[in-house]
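Structure first, commentary second.
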Amino acid sequence: SLLLFSISLAIKQIGFFLIPLYMIWLWQSENQNHIRNIIFAFAIILSIPLLTSLPFIIWNYEGFLKSIIFSATRNPASHFNAFSLDTYIDQVIPSFIGIKAKIPMLFLMGLIYISTWRRQIGMYTSSLLTLSVFIDFNSVLFLQYMSWVVPFIPLCVCDRMHINSGRRIS
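Start counting the sequence shown at 139; every next residue gets the next number (this note's numbering).
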C-alpha cells in the first residue's frame, strides 16, 4: 500500500495530507519497531515522488517549490469552477486568502489526526474526512476532485461495522 500511495502522490499530490494517517496507523500497529517502521514507510512514500521530481528540482528548485505552493496560495477568484469554502471565506473576509485561509483546514485536519490517534474513527472514515476537508478548503474546487472522496464513502461502512461489532478500530 505504501508503494501504491507513493505512485499516487507522484501523479497527483492531493493525497499528501494522508501521510500523517499512514504514520499513525503504523505507530499503532502491533510491530514493536515503531520508529524504524515509520522511517521505512516515509522513505517508501516519498521515493517515487522524489525520483520523478528530481529533474525539475535540479533544473529550477525555486520554480519547482513555487509550483507546489501555488495550490495553497492561488486566488480562488481567478478561476471559474465550483465554489469551495475557501472562496466563501474570501467573500466574507477579503484579506483571508492564501496561506491564512488554510488555517481552518489545518485545524480540522488536526482534529481528524487526533481522533485517528485516539482510535475514535477508523482508517476509511479518517481518509474520507481528510480528503473532504482538503477538497472543501482548496482554493479552487474542481469537480473531478470528488472522485478522490467517493471510494471512501462505501468503505466507511466497514468502519461502522467494526464499531457495531464491539471490536476496536484499527
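Just so you know, even glycine gets a beta-carbon here, dropped at the ideal spot from N, CA and C.
None of the values given here were measured: they were computed from a predicted structure.
Backbone CA spacing between L164 and L142 [nearest angstrom]
Reading the sequence shown from its first residue, position 26 is the one you call residue 164. Reading the sequence shown from its first residue, position 4 is the one you call residue 142. So the two alpha carbons sit approximately 16 Å from each other.
Between the beta-carbon of F202 and the beta-carbon of F208, is there less than 8 Å?
Here residue 202 is taken as the residue at index 64 of the sequence shown, counted from 1. Here residue 208 is taken as the residue at index 70 of the sequence shown, counted from 1. Going by C-beta atoms, F202 is not nearer than 8 Å to F208.
F234 versus S205 - alpha carbon distance
As a working mapping, residue 234 is identified with position 96 in the sequence shown. As a working mapping, residue 205 is identified with position 67 in the sequence shown. Their backbone Cα atoms lie some 21 Å apart in a straight line.
Pairwise C-alpha distance: K238 and F155:
Position 17 of the sequence shown holds residue 155. Position 100 of the sequence shown holds residue 238. If I take the Cα positions, the gap works out to 18 Å.
Report all residues from its chain with a CB closer than 7 Å to the CB of M247; omit the five preceding and five following residues, and keep chain order.
The residue labelled residue 247 in the question sits at position 109 within the sequence shown. The residues are F155, T268, V271.
Supposed contact pair I182 and S146 - C-beta distance, whole angstroms, cut 8 Å
As a first step, residue 146 is located in the sequence shown; it is residue number 8 there, counting from the start. As a first step, residue 182 is located in the sequence shown; it is residue number 44 there, counting from the start. The pair is not a contact, with the Cβ atoms about 12 Å apart (cut-off 8 Å).
Could you give the distance in angstroms between the alpha-carbon of S308 and the alpha-carbon of P289?
Translated into positions along the sequence shown, residue 308 becomes position 170. Translated into positions along the sequence shown, residue 289 becomes position 151. Unreliable placement is indicated for S308, whose pLDDT of 49 sits below 50; no coordinate value is reported for it.
Looking at M243 and F275, is the spacing between their C-beta atoms short of 8 Å?
If you number the sequence shown from 1, residue 275 lands on position 137. If you number the sequence shown from 1, residue 243 lands on position 105. Yes, the pair counts as a contact, with Cβ atoms nearer than the cut-off.
Y283: buried (16+ other C-beta within 10 angstroms of its C-beta) or exposed?
Residue 283 sits at position 145 when you count from the first residue of the sequence shown. Label assigned to Y283: buried.
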